[in-house]
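Below is one structure, written out as structure tokens; the observations come after it.
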Amino acid sequence: MIPFFKEVFLWLTDPTFTVSLWGAVLACVSLSWIGVIYSLRRSALIGEVIAHSAFPGLILGAFIGIIFDVSSERMNLLLIIGAIATAYLSMKKLTFLQTQWKKSPDAALMISISSFLGMGVLLASILQSVDPVLYKNVMIFLYGRTATMLAFHVKLYAIVMILLSFFLITFHRRIKMFEFDKTFAGFFGIGKGLERAIVCVTLVVIIISLRSCGILLLAGMMTTPAIAARWWVKKISSIFFLSTFFGAFSALLGSFLSIYIGGDLFVLPTGPMITTVSAACTLFSLLFGKRGGLIVRMYRRILFSLKCQEENLLKSLYKKGGAMKIFEVKEVLNSGALILLLVIFRARDHIKISTEYTVVLKEAGVIYAERVVRLHRLWEVYLCEVGFMKHRVHAFADEIEHVLTEEMENILVKRLKNPTHCPHQQKIPKKLEEKDVPV
Amino acid sequence: MSEKSIHRMWKTVTQLKRRTSVITAFLEKPVKEIYEIGDENVIKVESLTVHYDCFAALIDINVEIKKGLMTAIIGPNGAGKSSFIKAILNLTKKSTGVVSFFGNSFEQVQKKIAYVEQTKEIDWQFPITVEEVVLMGCYSRSGLFSTYSKEDRRQCKELIKKFGLLDKQHSLISELSGGQRQRLFLSRAYMQNAEVYIFDEPMAFVDYTTSEMIIESMKELKALGKTVICIHHNLDEVKKEFDEAVLLSHYLIDSGPVKKVLSKSNLIKAFRANDFILSEVLELSKEMESGNT
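The structure is reproduced here in structure tokens:
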């Protein structure tokens, strides 16, 4: 384990890697913020459209550069301008398809993506024959490459991220209002201006991030942190914070693993590694997320069924006079040995196991069981009052007794005017506080 | 006469009607006059026409809505009631017509107007809490970074309590039931402290208690001197609770005091369009004109 951490430390402080590392982290964090905005709008695929339609723009920029024979720095600028131009065009086309031609969003998205990417690939094949070196440079954008990033890139990412965070902090309430209810926001003059600002910010962040994340995988980096965060927290500000964490974490771990796994033999591409890690984060959140993760839900279900079993056990112990043989208990619970053990372990405060394989009810158990019986019989009285037949209410009450809270109990007592006997003429146990008060 | 020739005839008639109405409405477009604030008319609609593609939803509407009264907008389904409200609120494009609020244009007074939209138009899975939605109402009073004052927060809590949402204050809006959603929007509109309240079918999909609550709160607004406009389907309730009514069926059939508007002849005029064959023919002509068939 220690050599592993040593390697991590070395890697974090290695000047050759820090540049690419910080580049990836900053890009991923900015992308995840944009992703949160678009996931609120339920159109997370917009990132895919922008990234894919930037491709023909890159190549067009390269052609213009070749025609005017510009220097390499200016060529980079031309590439970016071209990418922004076609990305903007594709967004316009997208809205046009949706509003004017009344196409459904998914169809419009696919038309935009495929037409622009197809055009890009065609242009790229021409570029390959014209200028193979430039072609190779442009192809970096397809999958992204963090290893060859310069300090200049990192500075650019940092500036974009800081500006974006200012934008989000200043306008967070406006963005929330606009995304939630556009009509209502329109009454306060929030509308076209904010929409344009969001589009601009999105274009800039995505085009800048193409260098490190790549056209094909960028959308994954944009959406997965936001989706993962929504499994854990419910407020928008918390979603922003958590998706920042997920974005940064997947960038760090992805960059590290891409070098660590290959070792000296080969270098894995960083972009796909980051996407894989962030997809793993999403899967983890799907399983363990606090808000309805699959495992969490299963755990809660098991806990509830154990609670029901325990209450059934206590109830039957109470009815049988406080002691039962183990095999009788097993019959009552109608379950296997493991469940039996679990239930007995759960109920350890309420029962004890004496010798001769007998389960005995403790004093605390008596109180608990009385409450369960009381709820059961109260519910029976209520059902009869509502109009159920007397012989049918027992089965319903058997299930509802586990669910009723103390508040509901009070309401029931008030409504039924504190009944003393259930419909089957059995006594309803008194509430604990009532017993203490001498009548 | 064959079925096809009937279609053709109907088509030409409707087209002619529509064109003439648009042209006349455009020619007679009145010059905007300047009214003083405190004018009895809160909203003045003049020769309003709204088109969707080649289908006319509203044709040449002239209405005045009086201050401090409850006005119901009634008419059959698809008569352009929602379009009317959306057109006066600048939410859809007007083909012709001028709408003035207190004698001013909509943009000048839009902060004084509260619009309670239909609850189905919202994404209810949006991660936002009840309290945040209600606080949106006082956005125009909020500070630089959109921070809310203590007074606003107190008022917000009071409203949440008043509309019976206190136990849901910090929960997400996805947990609300249909009636609670409508009440949430009501409390947000209250929070706006506006002069004109416009409701778009608030009684749709709500239970009896909520609809009672909505009517009560409308009356309360009226008592405060605010103007209430509401799309409503229940004519009995309109008769009982509202002061004024606007009866629409693409054209304006009548407007004014409820008793005058809800006369038998008016109602026959408005709801006759719901005749089965006529609506069928209308639908067909619409499709043929748009080139779908």
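Here the protein sequences line up with chains A and B, keeping their order.
First residue of the first sequence? That's 10 in my numbering, and the numbers climb one at a time after it.
First residue of the second sequence? That's 9 in my numbering, and the numbers climb one at a time after it.
Beta carbons are placed, not taken as given, at the ideal position from N, Cα and C, and that holds for glycine.
Take residue 194 of chain B and list the residues in its own chain whose beta-carbon comes closer than 7 Å to its own, dropping the five residues that flank it on each side.
Within the second sequence, the letter at position 186 stands for residue 194 of chain B. Contacts found: 124, 171, 222 and 225.
Where residue 16 of chain B falls, given that 16 or more other Cβ within 10 Å makes a residue buried
As a working note, residue 16 of chain B is residue 8 in the second sequence. So residue 16 of chain B counts as exposed.
Quick check: is the beta carbon of residue 196 of chain A nearer than 7 Å to any beta carbon in chain B?
Taking the first residue of the first sequence as 1, we reach residue 196 of chain A at position 187. So yes, residue 196 of chain A belongs to the interface.
Residue 46 of chain B, buried or exposed, once every other Cβ within 10 Å from all chains shown has been counted against 16
Taking the second sequence and counting its residues from 1, one reaches residue 46 of chain B at position 38. For residue 46 of chain B, the predicted model reports a pLDDT of 40, less than 50, meaning its position is unreliable; a value from the coordinates is still stated below. With fewer than 16 other Cβ atoms within 10 Å, it is exposed.
Using the rule of at least 16 other Cβ atoms within 10 Å of the residue's Cβ for burial, across every protein chain shown, is residue 46 of chain A buried or exposed?
One-based indexing of the first sequence puts residue 46 of chain A at position 37. The residue in question, residue 46 of chain A, is buried, as its Cβ has 16 or more Cβ neighbours within 10 Å.
Taking 7 Å as the cut-off, decide whether the C-beta atoms of residue 242 of chain A and residue 236 of chain A are in contact.
Counting from 1 along the first sequence, the entry for residue 242 of chain A is found at position 233. Counting from 1 along the first sequence, the entry for residue 236 of chain A is found at position 227. Their beta carbons are not under 7 Å apart, which means residue 242 of chain A does not touch residue 236 of chain A by this criterion.
Identify the residues that DSSP records as bridge partners of residue 107 of chain B: which are they?
Residue mapping note: residue 107 of chain B aligns to position 99 of the second sequence, counting from 1. Looking at the DSSP assignment, residue 107 of chain B forms a beta bridge with B:53.
Note down, in chain order, each residue of its chain lying with its Cβ closer than 7 Å to the Cβ of residue 41 of chain B, except the 5 sequence neighbours on either side.
Within the second sequence, numbered from 1, the residue matching residue 41 of chain B stands at position 33. Note on residue 41 of chain B: pLDDT 41, under 50, position unreliable in the model; no value is reported.
Give the residues from the segment 113 to 138 of chain B that approach chain A closer than 9 Å (Cβ to any Cβ), ordered along the chain.
115, 118, 119, 121, 122, 123, 125, 129, 130, 131, 133, 134, 135, 136 and 137
Residues of the segment 42 to 56 of chain A in Cβ contact with chain B at a cutoff of 9 Å, in chain order, please.
49, 50 and 51
How is residue 156 of chain B classed by DSSP in three states: helix, strand or coil?
By one-based count along the second sequence, residue 156 of chain B stands at place 148. In the structure shown, residue 156 of chain B sits in coil (DSSP, three-state: anything other than H, G, I, E or B).
Would you report the Cα separation of residue 132 of chain A and residue 123 of chain A, rounded to the nearest angstrom?
Position 123 of the first sequence holds residue 132 of chain A. Position 114 of the first sequence holds residue 123 of chain A. Their backbone Cα atoms lie some 14 Å apart in a straight line.
Could you name the residues that DSSP lists as bridge partners for residue 112 of chain B?
Here residue 112 of chain B is taken as the residue at index 104 of the second sequence, counted from 1. In the DSSP output, where bridge partners are listed per residue, residue 112 of chain B has B:109.
Contacting positions in the segment 252 to 271 of chain B - beta carbon closer than 7 Å to chain A:
none
By the three-class DSSP mapping on this structure, what secondary structure does residue 148 of chain B have?
Here residue 148 of chain B refers to the residue found at position 140 when the second sequence is read from its first residue. Correct three-state label for residue 148 of chain B: helix.
List, in order along the chain, the chain A residues whose C-beta lies closer than 9 Å to that of residue 199 of chain B?
Along the second sequence, read from residue 1 onward, the residue named residue 199 of chain B stands at position 191. Going along chain A, no residue has its Cβ under 9 Å from residue 199 of chain B, so there is no contact; the nearest lies around 11 Å.
Distance check for residue 89 of chain B and residue 57 of chain B, CA to CA, integer angstroms please.
Walking along the second sequence from the start, residue 57 of chain B turns up at place 49. Walking along the second sequence from the start, residue 89 of chain B turns up at place 81. Computed Cα separation, rounded: 13 Å.
Using CA coordinates, which residue listed in B:131, B:109 and B:134 is at the minimum distance from residue 122 of chain B?
Your numbering for residue 122 of chain B matches position 114 in the second sequence. Ranking the options by Cα distance to residue 122 of chain B, first place goes to B:109.
Within 7 Å (strictly less), CB to CB, does residue 180 of chain B reach chain A?
Within the second sequence, the letter at position 172 stands for residue 180 of chain B. So, interface residue.
Quick check: is the beta carbon of residue 245 of chain A nearer than 7 Å to any beta carbon in chain B?
Counted from its first residue, the first sequence places residue 245 of chain A at position 236. Judged by the 7 Å Cβ criterion, residue 245 of chain A is in contact with chain B.
Could you tell me whether the Cβ of residue 176 of chain A comes closer than 7 Å to any Cβ of chain B?
For the purposes of this step, residue 176 of chain A is taken as the residue at position 167 of the first sequence. Closer than 7 Å: no.
Mapping the DSSP letters down to three states, classify residue 152 of chain A as helix, strand or coil.
Counting from 1 along the first sequence, the entry for residue 152 of chain A is found at position 143. Here residue 152 of chain A sits in helix by DSSP.
In three-state DSSP terms, what is residue 419 of chain A?
Start at 1 with the first residue of the first sequence, and residue 419 of chain A comes out as number 410. Helix.
With respect to the alpha helix (DSSP H) encompassing residue 364 of chain A, which residues constitute its N-terminal and C-terminal limits?
Reading the first sequence from its first residue, position 355 is the one you call residue 364 of chain A. Taken as a continuous stretch (DSSP letters only), residue 364 of chain A belongs to no alpha helix (DSSP H), as it is neither H nor E.
Out of B:197, B:76, B:240 and B:216, state which residue places its alpha-carbon closest to the alpha-carbon of residue 186 of chain B.
Translated into positions along the second sequence, residue 186 of chain B becomes position 178. Here the closest residue by C-alpha is B:216.
My understanding is that residue 180 of chain B touches residue 130 of chain B, with C-beta atoms under 8 Å, so please give their C-beta distance in whole angstroms.
Residue mapping note: residue 180 of chain B aligns to position 172 of the second sequence, counting from 1. Residue mapping note: residue 130 of chain B aligns to position 122 of the second sequence, counting from 1. Not really, about 13 Å apart at Cβ, beyond 8 Å.
With 7 Å as the threshold, decide whether the Cβ of residue 255 of chain A is near any Cβ in chain B.
On the first sequence, residue 255 of chain A is found 246 positions in, with the first residue counted as 1. By this cut-off, residue 255 of chain A is not an interface position.
Roughly how many angstroms lie between the CA atoms of residue 192 of chain B and residue 19 of chain B, to the nearest whole one?
As a position in the second sequence, residue 192 of chain B is number 184, starting the count at 1. As a position in the second sequence, residue 19 of chain B is number 11, starting the count at 1. So the two alpha carbons sit approximately 45 Å from each other.
Cβ-based neighbour list, residue 14 of chain B, same chain, cut-off 6 Å, excluding 5 preceding and 5 following
For the purposes of this step, residue 14 of chain B is taken as residue 6 along the second sequence, with counting starting at 1. Result list for residue 14 of chain B: empty, nothing under 6 Å.
Residue 121 of chain A - DSSP class collapsed to helix/strand/coil
Position 112 of the first sequence, counted from the start, is the residue given in the question as residue 121 of chain A. If DSSP states are grouped into helix, strand and coil, residue 121 of chain A belongs with the helices.
With H, G and I counted as helix, E and B as strand and the rest as coil, what does DSSP make of residue 19 of chain B?
Within the second sequence, the letter at position 11 stands for residue 19 of chain B. Reduced to three states, the DSSP call for residue 19 of chain B is helix.
Between the segment 366 to 373 of chain A and the segment 321 to 339 of chain A, do three or more beta carbon pairs fall short of 8 Å?
yes
Please determine if the segment 16 to 23 of chain A and the segment 255 to 272 of chain A are in contact, where contact requires at least 3 C-beta pairs separated by less than 8 Å.
yes
Just how far apart, CA to CA, sit residue 74 of chain B and residue 52 of chain B?
Indexing the second sequence from 1 puts residue 74 of chain B at position 66. Indexing the second sequence from 1 puts residue 52 of chain B at position 44. Cα to Cα, the separation comes out at about 9 Å.
Applying the criterion that 16 or more other CB atoms from any shown protein chain within 10 Å of the CB defines a buried residue, is residue 162 of chain A buried or exposed?
If you number the first sequence from 1, residue 162 of chain A lands on position 153. It is buried - the Cβ of residue 162 of chain A has at least 16 other Cβ atoms within 10 Å.
Closer than 9 Å, Cβ to Cβ, to anything on chain B: give me those residues from the segment 179 to 209 of chain A, in chain order.
179, 180, 181, 182, 183, 185, 186, 188, 189, 190, 192, 193, 194, 195, 196, 197, 198 and 199
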